[in-house]
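Working notes for the structure below.
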Amino acid sequence: YGIATAHDLEAHDGMTEENLYQKIFASHFGHLAIIFLWTAGNLFHVAWQGNFEKWVQNPLKVRPIAHSIWDPHFGDSALKAFSKGNTYPVNIAFSGVYQWWYTIGFRTNQELFRSSIGLLILAATLLFASWLHLQPKFRPSLSWFKNNESRLNHHLSGLLGVSSLAWTGHLVHVAIPVSRGQHVGWDNFLTTPPHPAGLAPFFSGNWTVYAENPDTIDHVYGTSEGAGTAILTFLGGFHPQTQALWLTDIAHHQLAIAVVFIIAGHMYRTNFGIGHSMKEILDAHRPPGGRLGAGHVGLFETITNSLHMQLGLALASLGVATSLTAQHMYALTPYAFLSKDFTTEAALYTHHQYIAGFLMVGAFAHGAIFFVRDYDPELNKNNVLARMLEHKEAIISHLSWASLFLGFHTLGLYIHNDTVVAFGQPEKQILFEPLFAEYIQAASGRAIYQFNVLLSSSTNPATIAGNQVWLPGWLEAINNNKNDLFLKIGPGDFLVHHAIALGLHVTALILVKGALDARGSKLMPDKKDFGYSFPCDGPGRGGTCDISAWDAFYLAMFWMLNTISWTTFYWHWKHMTIWAGNPALFDESSNYIMGWLRDYLWLNSSPLINGYNAFGMNNLS
């Protein structure tokens with residue numbers, strides 16, 4: 001409770017709205033400082049105690065070291081028993097930082113140290129900015145915080161656009177030349193042109209020159225052998241040796257994003273009277289004939305004046321983006337040799353899915369707080385928010401129906417299959433081929449299903465159009481079983497996807513019900529007067545246990561963790577069978593629960609169990 005109230009700034013004594021915004025603004029600088037301090041720590045420890053320079057020589061065979069272990073339990077006797085030649089023990093890095101730094105152009109420990117110091121200076125600057133903006137002369141005013149159009153313009157153009165452009169610059173000027181065996185450092189980066197033609201093609205409009213002569217498929221990464229001169233390409237697929245996206249493709253993509261966002265930053269009306277007004281756009285969003293009420297009228301003021309609403313929207317967006325990161329980090333690997341480091345791939349997928357889960361649940365928590373604290377019924381009369389609250393029963397019961405449908409059907413199929421397999425009749429299993437998903441894979445160019453549609457048909461206009469540019473590389477990648485792009489799917493995948501959908505829908509049901517009932521329910525019509533969380537069974541409050549919006553958030557958290565376990569277990573087992581060269585094990589055993597228990601959990605449990613045997617080293621000593 002103390003932690004909650006300490007961070008509930010708006011409820012503190014003597015807090016004004018302006019002061020609240022200023023405090024949160026200052027804390028953002030502190031947050032950024034912590035992030036850069038942490039990344040500086042990663043760089044520093046690898047440079048000091050890691051083996052980055054050795055790893056760079058042979059990324060596939062050398063295990064990357066995160067840092068050494070200084071543990072009083074690991075004494076002389078353990079040193080003699082467990083290590084070669086009395087070398088001190090180390091932690092292996094499974095975070096992917098080695099592959100990341102290698103891809104973006106790092107090659108020496110000195111470069112790692114320099115970057116670490118650079119980030120420390122940045123963190124110190126941010127801490128100073130945090131202090132500065134709490135001083136009376138440098139405190140921004142409330143109107144500055146609520147100037148939506150200016151903020152959007154600056155964040156779209158300045159933050160996202162220019163930073164994407166800068167990153168393109170880094171890739172083109174540093175990462176790509178280094179991947180071709182050239183040295184680019186502080187000593188020569190201003191005098192080394194990244195392309196032999198220089199800027200002439202840019203100014204003459206002959207931009208295709210920059211895409212000519214890309215790296216060949218025989219290019220040895222990090223050397224000039226088989227290297228080209230192109231800097232912005234659209235090759236499609238992966239670099240054959242590193243099994244990562246082509247760096248020149250990534251640079252092209254990043255440049256395109258920069259252009260889009262820099263243009264987007266000129267969209268909203270500020271001091272110059274041109275561009276869109278967000279309020280006008282929202283107020284104009286009224287369904288024809290008024291049959292759906294006042295549409296988006298009132299939303300501009302509501303969102304502008306509610307930090308919880310803004311935070312909820314931001315958390316929802318970033319939650320989805322983080323989950324997509326988990327997916328794309330292994331399916332469309334951007335970092336050299338990452339897809340060959342299986343443990344790291346599994347760790348990164350799990351890491352990002354968990355973060356996504358916490359962010360998404362947090363979105364609903366702040367959405368519910370918005371309804372309790374910030375929602376104004378007069379301002380939002382008959383608009384989408386009001387109408388959503390008015391027919392909340394329909395929304396909640398539909399979600400409940402979807403959850404029950406998924407639960408009964410998915411578990412029903414698993415139980416049926418379990419029973420017939422247990423009685424020695426596996427041929428009686430009910431197995432659904434995921435036809436729609438296979439169709440999507442086929443449309444994207446996967447030939448194995450023989451659907452002959454779109455990109456998997458050689459005569460299709462889409463195939464003919466892409467053949468000159470990116471399609472050959474893409475088709476090679478999507479039909480190559482050595483990568484994780486569009487894995488072959490079957491009935492086991494169909495079932496587990498529906499199990500995950502069950503988890504997602506139940507989580508969403510609990511969260512949506514908590515948020516929509518946050519202002520009041522039939523049992524407790526005046527709930528909004530009690531705040532976001534409240535204890536139950538006060539005088540005259542019999543039976544009001546566990547009905548606050550906070551309780552819904554608490555219960556949903558368990559369902560979220562449950563769902564992510566199913567997701568990561570599925571990912572892990574499917575990949576373990578592929579890595580072991582035996583995907584048929586997953587295909588056969590994943591159709592019934594006993595298969596999961598026996599061939600995934602039990603079959604792979606001995607390393608974990610042996611960590612606790614008499615000879616095992618554990619962290620319980």
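Just so you know, UniProt numbering puts 14 at position 14 of the sequence shown, and the rest follows in order with no gaps. Backbone N, C-alpha and C fix where the C-beta goes; we use that ideal spot for every residue, glycine too.
Own chain partners of residue i with C-beta closer than 7 Å, once the 5 adjacent residues on each side are dropped
i, result
"Phe586", "Gly492, Trp573, Lys574 and Thr577"
"Gly293", "Asn382, Asn383 and Arg387"
"Asn562", "Gly503"
"Asn618", "Bear in mind that a pLDDT of 49 at Asn618, under 50, signals an unreliable position, so the number given afterwards is only what the model happens to contain. Here the set comprises Gly611 and Tyr612."
"Leu413", "Ile430 and Leu495"
"Tyr102", "Val56, Pro59 and Ala336"
"Trp167", "Gln254"
"Val209", "Ala197 and Pro201"
"Met524", "Thr544 and Ile547"
"Asp418", "Tyr592, Ile593 and Met594"
Nonlocal neighbours in the same chain, by C-beta distance under 8 Å from residue i, ignoring five residues either side
i, result
"Pro194", "Val172, His173, Ile176, Pro177 and Ile231"
"Pro434", "Ile489, Gly490, Pro491, Asp493, Phe494 and His497"
"Ala462", "Leu454 and Leu455"
Contacting residues, own chain, Cβ-Cβ under 6 Å from residue i (five flanking each side not counted)
i, result
"Leu485", "Ala331, Ala477 and Ile478"
"Pro64", "Trp55, Ala93 and Tyr98"
"Phe364", "Leu511 and Ala515"
"Glu438", "Tyr449"
"Ile217", "Pro240"
"Phe29", "Leu126, Ala129 and Ser130"
Inter-residue Cα distance where the pair is residue i and residue j
i, j, result
"Pro140", "Ser150", "14 Å"
"Ile3", "Ser533", "14 Å"
"His366", "Trp550", "10 Å"
"Met309", "Ile303", "6 Å"
"Asn188", "Ser565", "49 Å"
"residue 622", "Lys527", "This structure cannot settle anything about residue 622, because the visible part of the chain is limited to 1 through 621."
"Met15", "Ala124", "28 Å"
"Leu127", "Glu10", "23 Å"
"His351", "Asn483", "21 Å"
"Leu324", "Tyr349", "10 Å"
"Leu404", "Pro288", "35 Å"
"Val320", "Ala501", "15 Å"
"Leu620", "Ser143", "With a pLDDT of only 48 at Leu620, under the threshold of 50, the placement of this residue in the model should not be trusted, and no figure is reported."
"His133", "Ile369", "27 Å"
"Met594", "Ser605", "15 Å"
"Glu301", "Leu385", "13 Å"
"Ile440", "Ser83", "51 Å"
"Ile69", "Leu555", "38 Å"
"Val90", "His31", "30 Å"
"Ala552", "His505", "14 Å"
"Trp401", "Leu313", "26 Å"
Closest by C-alpha distance to residue i, when choosing among the options
i, options, result
"His219", "Ala211, Gly228 and Glu212", "Gly228"
"Ala284", "Gly295, Leu601 and Arg291", "Gly295"
"Glu280", "Arg291, Gly50, Thr270 and Val297", "Val297"
"residue 649", "Ala346, Ala26, Asp526 and Phe530", "Shown here, the chain extends from 1 to 621; a query on residue 649 therefore has no answer."
"Leu431", "Tyr102, Ala508, Trp144 and Ser589", "Ser589"
"Lys428", "His498, Leu404 and Asn591", "Asn591"
"His497", "Leu411, Pro72, Val453 and Phe106", "Leu411"
"Thr108", "Asn51, Ser317, Thr242 and Gln22", "Asn51"
"Leu60", "Ala368, Ala258, Phe261 and Tyr221", "Tyr221"
"Phe272", "Asn153, Pro525 and Gly319", "Asn153"
"Ser164", "Asp599, Ala321, Ala251 and Asn481", "Ala251"
"Gln353", "Leu299, Gly445, Thr568 and Gly312", "Thr568"
"Ala356", "Met329, Leu315 and Leu379", "Leu315"
"Gly185", "Gly319, Thr233, Thr242 and Gly105", "Gly105"
"Met267", "Ile609, His155 and Ser179", "His155"
"Gln49", "Leu597, Asn213 and Gln110", "Gln110"
"Asn148", "Ile35, Leu307 and His391", "Leu307"
Endpoints, alpha helix (DSSP H) assigned at residue i
i, result
"Ser317", "Leu307 to Ala331"
"Ser143", "Leu142 to Phe145"
"Arg46", "The sequence shown places Val at residue 46, not Arg. Glu17 to Gln49 is the extent of the alpha helix (DSSP H) around Val46."
"Ala230", "No alpha helix (DSSP H) holds Ala230; DSSP gives it neither H nor E."
"Met557", "Ala549 to Trp579"
"Gln241", "First-last for Gln241: undefined, no H or E at that position."
"Tyr354", "Phe342 to Ile369"
"Phe203", "Ala200 to Ser204"
Endpoints, beta strand (DSSP E) assigned at residue i
i, result
"Asn91", "Val90 to Ile92"
"His67", "Ile65 to Ser68"
Neighbour flag for residue i against chain D, beta carbons, 7 Å
i, result
"Trp48", "Chain labels in this structure do not include chain D; a single protein chain is all it has."
Does the stretch 512-524 come into contact with the stretch 367-382, if we say contact requires no fewer than three beta-carbon pairs (one atom in each stretch) closer than 8 Å? Because the criterion of three Cβ pairs below 8 Å is met, the stretch 512-524 and the stretch 367-382 touch.
Touch check for the stretch 336-343 and the stretch 377-397: three-plus C-beta pairs under 8 Å? No: fewer than three Cβ pairs fall under 8 Å.
Below 8 Å, can you find three or more Cβ-Cβ pairs linking the stretch 40-51 to the stretch 113-127? The stretch 40-51 makes contact with the stretch 113-127; the number of CB pairs closer than 8 Å reaches 3 or more.
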